[in-house]
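Structure, as structure tokens:
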Amino acid sequence: MNADPESKLFVYNSLSRKKESFEPFKPPHVGMYVCGPTVYGDAHLGHARPAITFDLLFRYLKHLGYKVRYVRNITDVGHLENDADEGEDKIAKKARVEELEPMEIVQYYTVRYHHNMDQLNVLRPSIEPHASGHIIEQIEMVKSILEKGFAYESQGSVYFDVEKYSKNHHYGVLSGRKLDELMSNTRELAGQTEKRNSADFAIWKKAEPAHIMRWPSPWSDGFPGWHMECSAMGCKYLGDQFDIHGGGMDLLFPHHESEIAQSTIANGKSPVRYWMHNNMITINGQKMGKSLGNALSLDDFFSGKHELLAQAYSPMTIRFFMLQAHYRSTLDFSNEALQAADKGLKRLMNATADAMQLKADSQAADQHVDAIRADAYQAMNDDLNSPMAIARLFDAVRIVNSVKEGHSNINPAELKLLQELLNVFVFEILGLQSEDSAQDDHLLDGLMETIIQLRQDARQRKDYATSDLIRDKLASLKIVLKDGKEGTGWERK
RNA sequence: GGUCUCGUGGCCGAGUGGUUAGGCAGCGGUCUGCAAAACCGUGUACAGCGGUUCGAAUCCGCUCGAGACCUCCA
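So for the first sequence, numbering that gives the first Met the number 0 puts the first residue at 0; every next one is plus one.
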């Protein structure tokens, strides 16, 4: 199935603050880099949003026929921690507390992150580089910036000279900031004295004695500045200039702004053509934060074991819920909203399965499936408007159900188009998958078949006491019987 | 305080100058022994105040409210 040739992909570029026609540097190849997790704790909702947003983009680009190299980093080297008494490597701190090797922590949470992403049906990136595995590249980049005169060493650390950079470049292109405002608005923080200017940022940081994770460098035993890893690894795997760089809006400044500055000096050109940023998530209208007690992990949602949650929400419910909002809008989580998404998802998935069973009628009138299809593609091409595309899929759902119920007919060509539309969008582009817990359990299937048959017999004898007893007992095991025209089905609640 | 974003019907959430978003809930109906499930039908909303316009949820201004960022946290 090919996309509507009439419409073309447009994406919102944070750099221009406009939707732009997507034109890769070297079609059909697309290079895409997305800021990945810091693996010092379990993945929470905030990790799911960019993962799902850029998974959608990855899937859609591939669907359009592009050959995509998708790089998403694992951040596992040291930076200072905000709420620590004195600066201390996040991973090192946790390691001391738990008496584990830092890389053991990294490994542990990386595996758990992967598991959560698999649950959400987020495709693995093409390359998933670790910052700790690219210390040499980062040091080389620091050297290059020093040689070009845009950084200076101070007490074993190396800082990027923002003021000098600003003479010929615009530090603030991405975030819309002005240097003089940055100078005057910066808070007073410890350690500022090493810097010539408060707007300067570290590209190499000398490690305090307490730091476990440290590497030798020409300047000190230490670790690279936060922004270095993305610049170095993006360049290594995607080149001096690549097509798309993604991440959360919270990373716009200073992280991505600084990446642009570093890479521009080191490589002589602005690194990225399209900067794309997903918006943030709120819970019950409130921002997510550890101090607010609402930083729910993905496992919390999947298990339902958190006081804010009325029930468990499956990975696909979370995924579908996120796709029902545009990626550049804030998204508010609440039990009510998630339950609504859960039901809507079931309706979509059921209809997608039912569509395969429909029978065509060559006499049937036009159902305008091609218009629905074109609108769905147009929505995706308009900066990945998945909520609009999903709305159109529900139009298709209405047709499926109406044919299924015998209220209308569909001709063979349209039925084929309808089946393709639902299959391609639901599974391939949106990345939804069936979560029917009954699948692949032959013993349970057999048992249920027997029980349902016994109840059916009782109902035919009008022995409703027995049939209702069976229904109630199963309900207490969280198994719901669904009586339909063509027999009784069941599902786990 | 500075920069920026947002405020849509009971809930979530698209739309961004003139035509139905969609989902969930509610209501009505079909089906059912009853119920559940499923399915069908159904709502004309756009923070407030002013302005521009033949016409504004959509543009402009102000007010109120919410959020993001403002560097050595990633």
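In this text, a Cβ means the ideal position worked out from N, Cα and C, and glycines have one as well.
The continuous stretches of alpha helix (DSSP H) do not include Val10, which lies in the beta strand (DSSP E) extending over residues Phe9 to Asn12. Residues of the same chain with a CB within less than 6 Å of the CB of Glu152, apart from the 5 flanking positions on each side, are Trp218 in chain order. Following the DSSP letters along the chain, one finds Ser466 inside the alpha helix (DSSP H) bounded by residues Tyr463 to Ser475. Thr329 and Asp369 have their C-alpha atoms roughly 32 Å apart.
Glu100 counts as exposed, since fewer than 16 other beta carbons sit within 10 angstroms of its beta carbon. Runs of alpha helix (DSSP H) with 4 or more residues, each lying fully within the stretch 33-75, are found at 44-62, listed in chain order.
Sequence-distant Cβ neighbours of Asn408 in its own chain, meaning closer than 6 Å and more than five residues away, are Asp360 and Ala363.
Asp365 places its beta carbon 9 Å or farther from that of His325. For Glu152, the uninterrupted beta strand (DSSP E) segment begins and ends at Ala150 to Ser153. DSSP, read as helix, strand or coil, puts Ala359 in coil. Taking C-beta atoms as the reference points, Tyr273 and Glu19 count as a pair closer than 9 Å. Cβ neighbours of Met321 within its own chain (closer than 8 Å, five residues either side excluded): Ala47, Arg48, Ile51, Thr52 and Leu330. In the DSSP annotation of this structure, the continuous segment of the alpha helix (DSSP H) that includes Glu139 starts and ends at Ile134 to Glu146. For Gly30, DSSP records a beta bridge to Arg68.
Val399 sits in a helix when the DSSP states are folded into three classes. Residues Ala265 of the same chain have their beta carbon placed closer than 6 Å to that of Ser143, with the five preceding and five following residues left out of the count. Under the three-state reduction of DSSP, Ala388 is assigned to helix. DSSP, read as helix, strand or coil, puts Met279 in coil. Between the stretch 197-208 and the stretch 114-130, the count of Cβ pairs shorter than 8 Å is below three; the stretches do not touch.
According to the DSSP assignment, Pro101 belongs to no beta strand (DSSP E) but to the alpha helix (DSSP H) extending over Pro101 to Gln118. In this structure Ile104 is in contact with Ile90, their Cβ atoms being roughly 6 Å apart against a cut-off of 8 Å. For Tyr236, the uninterrupted alpha helix (DSSP H) segment begins and ends at Met227 to Leu237. Runs of the beta strand (DSSP E) spanning 3 or more residues and lying entirely within the stretch 155-224 occur at 156-159, 200-205 and 221-223, in chain order. Between Trp225 and His254, the gap from beta carbon to beta carbon is short of 9 Å. When C-alpha distances from Met348 are compared across Asn380, Leu446, Leu420 and Tyr170, the shortest belongs to Leu420. According to the DSSP assignment, Lys18 belongs to the beta strand (DSSP E) that extends over Lys17 to Ser20.
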